[in-house]
Each structure stands twice: as C-alpha cells, then as structure tokens.
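*Asks:*
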Amino acid sequence: AQSVTQPDIHITVSEGASLELRCNYSYGATPYLFWYVQSPGQGLQLLLKYFSGDTLVQGIKGFEAEFKRSQSSFNLRKPSVHWSDAAEYFCAVGEGTGGFKTIFGAGTRLFVKA
Amino acid sequence: DTAVSQTPKYLVTQMGNDKSIKCEQNLGHDTMYWYKQDSKKFLKIMFSYNNKELIINETVPNRFSPKSPDKAHLNLHINSLELGDSAVYFCASSQVYHEQYFGPGTRLTVT
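Rendered as structure tokens:
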C-alpha cells in the first residue's frame with residue numbers, strides 16, 4: 001500500500017534562512033505528488049504538484065520541490081523563509097486505482113523565529 | 115466567491131445526538147471528498163464521490179453516512195455521536211487525478 005513519510009514533526013527556521021522539508025513516499029508506479037500548506041484554523045491549500053516531466057517543480061509563495069525517483073523523495077524547499085510561512089505542511093501522494101485517493105503524510109509544523 | 119464552503123464552521127453537541135455537515139463547491143469539479151483531521155493533525159480520507167457516485171468508502175463506522183444530491187454538494191450525516199468523533203472535518207473537491215481544493219473545515223466537539 002502506498003504511504004507517505006514526513007520524518008520531521010516540527011522544524012524551526014530563522015526568518016530569511018533557507019528551508020527544506022523532507023518527504024518520502026512508497027508507491028509502485030510513478031505517483032502523483034503534492035505539497036499542501038495549512039495555516040492555523042484554515043483548510044489546506046495546494047503549494048505545488050508533480051505528475052510527470054521536469055522533476056523540479058515551482059509552486060506558489062516561492063516554494064519549489066524536487067522529485068527524486070531513486071530516493072522516493074519529494075522534498076520541499078524555499079530559499080528564504082518569511083514569518084508568514086509558519087504553518088503545517090503536508091506532503092501527499094495520489095493514485096487513481098479504484099477512485100482517485102490521496103494519502104497524506106503526518107505533516108511538518110514550521111516555526112519561524114525572528 | 116468561496117470555492118468550497120462548509121456549514122457549520124463549529125459544531126458542539128452531546129454524545130448520542132445526530133448531526134449533519136454540509137458542503138458545496140462552485141468549481142464545477144466532478145469529485146468531492148470528506149476527510150477527518152484528528153487532534154494530531156493527521157488527515158484521513160473518509161469518502162469520495164464522483165458525479166454523485168460513491169467511489170471511495172474507507173473503514174468508517176456506518177454511523178457516518180455521506181449523501182451527494184448533485185455533483186456540487188456532498189453532505190455528511192453522523193448518527194449517535196461519540197466522543198471519538200471530535201475532530202475537524204474537511205470537505206474537498208477536485209477533477210479526478212488533479213489537486214484538491216479544501217473547504218475551511220468544520221470543528222466538531224462532542225461532549
């Protein structure tokens with residue numbers, strides 16, 4: 001069965017520093033991969049997605065992610081973090097067998113310090 | 115215009131009661147979902163409908179019954195509420211194989 005692992009429950013980064021959030025997935029075929037962000041008290045918002053093609057994908061709010069098949073990873077990066085980036089980040093994998101189902105990782109909580 | 119809306123935003127009720135949560139999307143998507151997010155922020159799919167047809171039904175107690183009167187609406191009815199049902203419930207919609215658009219969530223508290 002497919003699964004998603006986000007090894008870091010929480011991460012603290014200084015404002016202006018770079019960020020990398022890790023995500024590993026388990027899936028037999030080429031997966032559909034997503035990163036979502038959830039601000040406190042809000043629903044989830046898509047940051048970026050990977051279906052095929054260029055393995056480096058750009059998203060909103062200055063985020064990017066790189067798909068590495070050999071490592072089964074889809075890590076999220078941002079070169080310079082802003083205080084408003086403090087939120088919960090979810091990596092997700094989707095598959096279309098028997099109805100499109102998305103499996104979410106447990107999330108990584110990002111704290112930004114001044 | 116709100117893309118995916120849910121009502122109510124908060125729901126406080128006692129054990130044993132029956133309650134409903136409503137969801138509407140104006141994106142023209144074919145697929146809608148219900149998710150449960152627990153206190154640890156873990157997000158788990160409960161149901162998915164495609165063009166009013168149930169296509170995903172995860173291991174959810176049969177006290178939970180979804181209903182899709184048309185492809186823009188997906189409601190969730192919960193019978194005999196239990197303490198463990200306390201969570202945030204999210205509705206979402208998508209075109210199949212594409213990203214999902216989430217509603218703001220309904221925080222259910224069972225006392």
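Order-wise, the sequence lines are chains A and B. The opening position of the first sequence corresponds to residue 1 in the working numbering, with each subsequent residue numbered one higher. The opening position of the second sequence corresponds to residue 115 in the working numbering, with each subsequent residue numbered one higher. Ideal Cβ placement from N, Cα and C applies to all residues, glycine included. Computed from a prediction, not measured in an experiment: that's the story for all the values here.
Could you please tell me which residues of the segment 137-161 of chain B, in chain order, have their CB closer than 7 Å to any CB of chain A?
*Replies:* Flagged, chain order: Thr145, Lys155, Phe156, Leu157, Ile159.
*Asks:* What do you reckon, are the CB atoms on A/Ala106 and A/Ile9 nearer than 9 Å?
*Replies:* Counting from 1 along the first sequence, the entry for residue 106 of chain A is found at position 106. Counting from 1 along the first sequence, the entry for residue 9 of chain A is found at position 9. Yes.
*Asks:* What's the gap between the Cα of B/Asp152 and the Cα of B/Ala201?
*Replies:* Looking up residue 152 of chain B in the second sequence gives position 38. Looking up residue 201 of chain B in the second sequence gives position 87. When rounded, the distance between both Cα atoms is 5 Å.
*Asks:* Count the CB pairs spanning the segment 186-193 of chain B and the segment 19-38 of chain A that are closer than 8 Å, and state whether there are at least three.
*Replies:* Segments in contact, no.
*Asks:* Round the Cβ separation of A/Tyr89 and A/Leu110 to the nearest angstrom and send it over; I've been treating them as touching at under 8 Å.
*Replies:* Locating residue 89 of chain A in the first sequence gives position 89, where the first residue counts as 1. Locating residue 110 of chain A in the first sequence gives position 110, where the first residue counts as 1. Correct: roughly 6 Å between the Cβ atoms.
*Asks:* Does the Cβ of A/Val122 have 16 or more other Cβ atoms within 10 Å, making it buried, or fewer, making it exposed?
*Replies:* Outside the displayed span of chain A (1 to 114) sits residue 122 of chain A, for which this structure offers no information.
*Asks:* Interface residues of chain B around A/Leu46 at Cβ under 7 Å?
*Replies:* Here residue 46 of chain A refers to the residue found at position 46 when the first sequence is read from its first residue. Ordered by position in chain B, the residues that pass the 7 Å Cβ test against A/Leu46 are Glu213.
*Asks:* Taking Cβ positions only, does A/Thr5 come closer than 9 Å to chain B?
*Replies:* Here residue 5 of chain A corresponds to residue number 5 of the first sequence, with the count starting at 1. Answer no: the Cβ-Cβ gap between A/Thr5 and chain B never drops below 9 Å.
*Asks:* If I measure Cβ to Cβ from A/Lys68 and keep anything under 6 Å in the same chain, skipping five residues before and after, which residues do I get?
*Replies:* If you number the first sequence from 1, residue 68 of chain A lands on position 68. Around A/Lys68: no qualifying Cβ.
*Asks:* Of all the residues that make up the segment 170-191 of chain B, which are near chain A by a beta-carbon distance shorter than 8 Å?
*Replies:* So the list reads Ile170, given in the order they occur along the chain.
*Asks:* According to the neighbour-count rule (16 or more other Cβ atoms, all chains shown, within 10 Å of its Cβ), is A/Asp54 buried or exposed?
*Replies:* Sequence index remark: in the first sequence, residue 54 of chain A carries index 54 (1-based). A/Asp54 comes out exposed.
*Asks:* Measure how close the beta-carbons of B/Phe161 and B/Trp148 come, nearest whole angstrom, since I'm counting them as under 8 Å.
*Replies:* Locating residue 161 of chain B in the second sequence gives position 47, counting from the first residue. Locating residue 148 of chain B in the second sequence gives position 34, counting from the first residue. 5 Å between Cβ atoms; contact.
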